[in-house]
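Right, one structure below, let's go through it.
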Amino acid sequence: MNVLDIRNLKVVFQLHDGLLPVVRDISFKIPYGKTVALVGESGSGKSVTALAIMRILPKIAQISGGEILLQPDPNQGVTDIALLKADSEQMRGIRGGKISMIFQEPMASLSPLHTIGNQISECVLLHQDVNSSQATKLTLDMLDMVGFPDPNRALKTFPFELSGGLRQRAMIAAALVCRPALLVADEPTTALDVTIQAQILKLIKDLQQELHMAVLLITHDLGVVANIADEVVVMYHGEVMESGSVHEIYSNPRHPYLKALLQAVPHFDMKPGERLTPVREIETKLGHLLLSGGQSQKMQAQKAQSDTKPPNTIHLSVKKVFRTFSIRNKPLFGKSDNRIIRAVDDVSFDVLRGECFGLVGESGCGKTTLSKILMKALQPDSGSITYFDSEQEIGQEIAPGIALGIDVLALEHEQLFDFRRKMQFIFQDPFSSLNPRMTVYDIIREPLVIHNVGDRAYQVEMVKELMRLVGLDPRCLSRYPHSFSGGQRQRLGIARALALRPEFIICDEPVSALDVSIQAQVLNLLKDLQSELNLTYIFISHNLAVVDYIADRIAVMCHGCLVEIALKEELFNNPVHPYTKALLSAVPFPDLNKPLDFDAVMDGKSSVPSAWPMPYTQTPHTQTQLTAVAPEHYVQTQVA
């Protein structure tokens, strides 16, 4: 018996030049109480299928054929949703009452002007014959069920006052308060940290059993699918490529597209030198301009002196950096409350020339704040940041083998302007970091114009060379960012970062918004560029499998502190700090033989320093330091 039976569904978009098929004759079933995962890349038709089920397709879209048969209860009749009008009373009763949906970004789905209690109660009042007090009682019960620590307080809380994980829980509460027969979850954990993701997945599984509902999970994360799904449907270009039980899909994948998706996922047991295999490879070409001029002379001098220079040369040295923020809570009545937040707390580390230094941790741990301090986009309260330039290392020494460094925090005006050429930044969201009113040519050329590098002919040739370097056609230079895919926009961001031929690049979550196959393309590209251009990276991410693939050494950050630093092999094979262990246990593997350990992160104490066992416990009154536990392996412990 099935709660939903989709038969030969077709969805088309009405465009200026005709009809564009988006969902092409797909069929699958969702049994009662089971979880069906709809898997595929962006643009494969997953979300359009979900919107068709909910009958909330955009105006240009229409169902052109097929059936969407809903049977909320085995004792009830069957309704073909495809035949109902989207704004009909019957469809409004089904939407939210029988089928509910949670979206990828809760902040965009929750009203910023209404409290959480009002928004959830509204769902109850729309679909059930109850009064306001009864709706409030049902809302409180559901907030408690989804794990809010204080449901009564949550009733009066606005979405912007909640963390990402609690906002997602609020949206789940709103979706499930009417106890639907089917929950459609569209990328519900993509924007969340691994520990919060594990909690949300466990919550959905528990609520599914308690409420006896079916789940349609839409995702591109094959690790999540392996840990939560009963059946899997793989989509590509609007068609179903393969479907079956989760055991059949993972133990014996048959379609080449599914095999390619599985090969594109980074995992912890990859062999040294093994590369990810994207669904579609990109061809890159390193041109003569990037291999000529000042940058290449530096690299040639470095290679010429590689035998005489000491090994493991430091490129960036960060010592005892602190940064606090004062948060004022000024209520309408009563006294204002000022809180001091330690965003970066006594952080020290060195980045070696030519290495990729990984920085991992949950949202809010201070990673991005630290990256802004390194670029001097934000001034720290105290500490030092020293950058060792390649020219200074070769030509200027204050003692034999000791380079004269640049005090980054002391740079001002023209000196800081010149320093920007040495260190560049790749942002998390490629769309918001590219000016939508500028062509690709102007976007990539802009750093050259600002820094007055070369004449116009040189700039034109360099822009074309950068496009080829990141695997894009120079004939697309007159186009605007919106006409590129997410992965292509991220490659444009990389091209812009390389325009000034920097030596050091900070990559802030550069692949977190990308599908696994596009992620594989960008990660391989970054590794190739590092080797070919002798680049040094700081790679910031909350995805430990990604960091394991690209980084040489890894630092783990929590509540502004670095709690563990080690070579990646040592960190993943022998984690010492309890927070590192919790992070690793929360990573979902695309392997049925390595199920997710939900219990390890469900107590909520993994990211609470005061709850860590001795000698790792941290309180405002304890002193801690990084202590060596093995060669090149350091852990934050209390000072004896």
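The sequence shown begins at 1123 in my numbering and counts up by one.
Beta carbons are placed, not taken as given, at the ideal position from N, Cα and C, and that holds for glycine.
These numbers come from a predicted model, not from an experiment.
What's the C-alpha gap between Gln1184 and Leu1383?
So the two alpha carbons sit approximately 29 angstroms from each other.
Mind pulling the beta strand (DSSP E) runs of 3 or more residues that sit fully within the region 1463-1536?
If we require 3 residues or more, the beta strand (DSSP E) runs fully inside the region 1463-1536 come out as 1478-1482, 1504-1509 and 1519-1521.
Is the number of C-beta pairs between the region 1617-1627 and the region 1539-1557 that are closer than 8 angstroms three or more?
Output reads yes: the region 1539-1557 touches the region 1617-1627.
Going by alpha carbons, who is nearest to Ser1448 out of Arg1461, Val1170, Asp1266 and Ile1436?
With distances taken between Cα atoms, Ser1448 lies closest to Arg1461.
How many Å lie between Phe1470 and Gly1476 at the Cα?
For the sequence presented, residue 1470 should be read as Ser rather than Phe. Ser1470 and Gly1476: Cα-Cα distance of roughly 19 angstroms.
At what residues does the alpha helix (DSSP H) containing Ser1639 begin and finish?
It spans Val1638 to Leu1655 - the alpha helix (DSSP H) in which Ser1639 sits, taken as one unbroken run.
Between Ala1257, His1236, Lys1259 and Gln1290, which has its C-alpha nearest Phe1225's C-alpha?
With distances taken between Cα atoms, Phe1225 lies closest to Gln1290.
Could you tell me which residues DSSP pairs with His1755 in its beta bridges?
Its beta-bridge partners are Ala1752.
Among residues of its own chain, excluding the 5 on either side of Asp1467, which ones have a beta-carbon nearer than 6 angstroms to its beta-carbon?
Contacts found: Gly1682 and Cys1683.
Could you give the distance in angstroms between the alpha-carbon of Ile1238 and the alpha-carbon of Tyr1671?
Roughly 40 angstroms separates the two Cα atoms.
Helix, strand or coil, according to DSSP, for Asp1195 in the structure here?
In the structure shown, Asp1195 sits in coil (DSSP, three-state: anything other than H, G, I, E or B).
Along the chain, where does the alpha helix (DSSP H) containing Ile1242 start, and where does it finish?
Counting along the chain, the alpha helix (DSSP H) containing Ile1242 begins and ends at Ile1238 to His1249.
Leaving out the 5 sequence neighbours to the left and right, which residues in its chain are closer than 7 angstroms to Lys1489 when beta-carbon positions are compared?
Correct list, in chain order: Leu1481, Gly1483, Ile1662 and Met1679.
Which value, in whole angstroms, describes the spacing of the CA atoms of Asp1251 and His1236?
For Asp1251 and His1236, the distance between alpha carbons rounds to 22 angstroms.
Going by alpha carbons, who is nearest to Met1357 out of Glu1691, Pro1700, Arg1146 and Glu1631?
Selected option, being the one with the closest Cα: Arg1146.
Jot down the residue ranges of each uninterrupted beta strand (DSSP E) in the region 1148-1188, minimum 3 residues, whole runs only, in chain order.
Runs found: 1157-1161.
With a CB to CB cut of under 7 angstroms and the five nearest residues on each side skipped, what residues in its chain are close to Asn1574?
Nothing meets the Cβ criterion.
Suppose you measure from the CA of Phe1812 to the CA of Ile1128; what does that come to, to the nearest Å?
For residue 1812 there is no data in the structure shown, the boundaries of the chain being 1123 and 1762.
Can you tell which of Ala1762, Pro1753, Asn1715 and Lys1716 has the C-alpha that lies nearest to the C-alpha of Tyr1738?
It is Ala1762 whose Cα lies nearest to the Cα of Tyr1738.
Taking only three categories from DSSP, how would you classify Thr1201?
Strand.
With a threshold of 8 angstroms on Cβ separation, who are the neighbours of Lys1220 within its own chain once the five nearest residues in sequence on each side are excluded?
Leu1192, Pro1194, Pro1302, Ala1303 and Leu1304, listed in sequence order.
Are the CB atoms of Leu1339 and Ile1322 nearer to each other than 8 angstroms?
No, they are not a contact pair.
Could you pull the DSSP bridge partners for Pro1143 from this structure?
Paired residue(s): Val1134.
Considering only C-alpha positions, which residue in the set His1743, Ala1621 and Ala1499 is nearest to Tyr1580?
For Tyr1580, the nearest C-alpha among the options comes from Ala1621.
Given that a residue counts as buried once 16 or more other Cβ atoms are within 10 Å of its Cβ, and exposed if not, what is Leu1141?
Answer is exposed; the Cβ neighbour count stays below 16.
Here's the rule I'm using: 16 or more other beta-carbon atoms within 10 Å means buried, otherwise exposed. How should Thr1491 be labelled?
The residue in question, Thr1491, is buried, as its Cβ has 16 or more Cβ neighbours within 10 Å.
Would you say Met1267 and Leu1329 are within 8 angstroms of each other, going by their C-beta atoms?
Contact flag set, yes.
Between Asp1713 and Lys1690, is the Cβ-Cβ spacing less than 8 angstroms?
Against a cut-off of 8 angstroms, the Cβ pair of Lys1690 and Asp1713 comes out as no contact.
Do the region 1255-1270 and the region 1197-1210 make contact, defined as three or more Cβ pairs closer than 8 angstroms?
Result no; under three Cβ-Cβ pairs closer than 8 angstroms.
Can you confirm whether the region 1493-1500 touches the region 1688-1703 when touching is taken to mean that 3 or more C-beta pairs between the two stretches lie within less than 8 angstroms?
Touching, no, given that fewer than three Cβ pairs across the two stretches are closer than 8 angstroms.
Where Ala1320 and Leu1718 are concerned, what is the direct C-alpha to C-alpha distance, given to the nearest angstrom?
Roughly 8 angstroms between the two C-alpha positions.
Per DSSP, which one or two residues make a beta bridge with Gln1760?
Partner(s): Thr1746.
Rounded to the nearest angstrom, how far is the Cβ of Thr1317 from that of Ser1728, given a contact under 8 angstroms?
So it is a contact: roughly 6 angstroms between Cβ atoms.
Cβ of Ala1307 within 8 angstroms of Cβ of Val1337?
The answer is yes: Cβ separation under 8 angstroms.
Closer than 6 angstroms by C-beta to His1743: which residues in its own chain qualify, once you throw out the five before and the five after it? Chain order, please.
Result list for His1743: empty, nothing under 6 angstroms.
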